[in-house]
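Its first residue numbered 10, the sequence shown is counted upward by one per residue in the working numbering.
C-beta atoms are modelled at their ideal positions from N, C-alpha and C, and glycine is treated no differently.
Computed from a predicted model, the values in this text were never measured in an experiment.
Comments concern the structure below.
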Amino acid sequence: HGGYFKVRLFSIIIFIFSFFNYNAYFCQQATSFYNKDLFDAIKPCGNFTLMVAYALIRLVKYY
């Protein structure tokens, strides 16, 4: 299943990019409001990235 491995690798790349971009963007106000560092602010927002990554994996799988 060489194609399946490429799908997994692609989904991991999407996950990394979405984690560093979208989480940093959406949680920027939470960081300034709670006066925490970025890592503590990203933790509750990780669920959003997991949902997006899971939806992308499901979408690519059915193609």
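Inter-residue Cα distance where the pair is residue i and residue j
{"i": "I22", "j": "V61", "result": "13 Å"}
{"i": "R17", "j": "I66", "result": "8 Å"}
{"i": "Y63", "j": "G12", "result": "18 Å"}
Proximity of residue i and residue j at Cβ, strictly below 9 Å
{"i": "V69", "j": "F19", "result": "yes"}
Cβ-heavy atom distance, residue i to the ligand ADP, below 8 Å
{"i": "A64", "result": "Among the components of this structure there are no ligands whatsoever, and the ligand ADP is therefore not found."}
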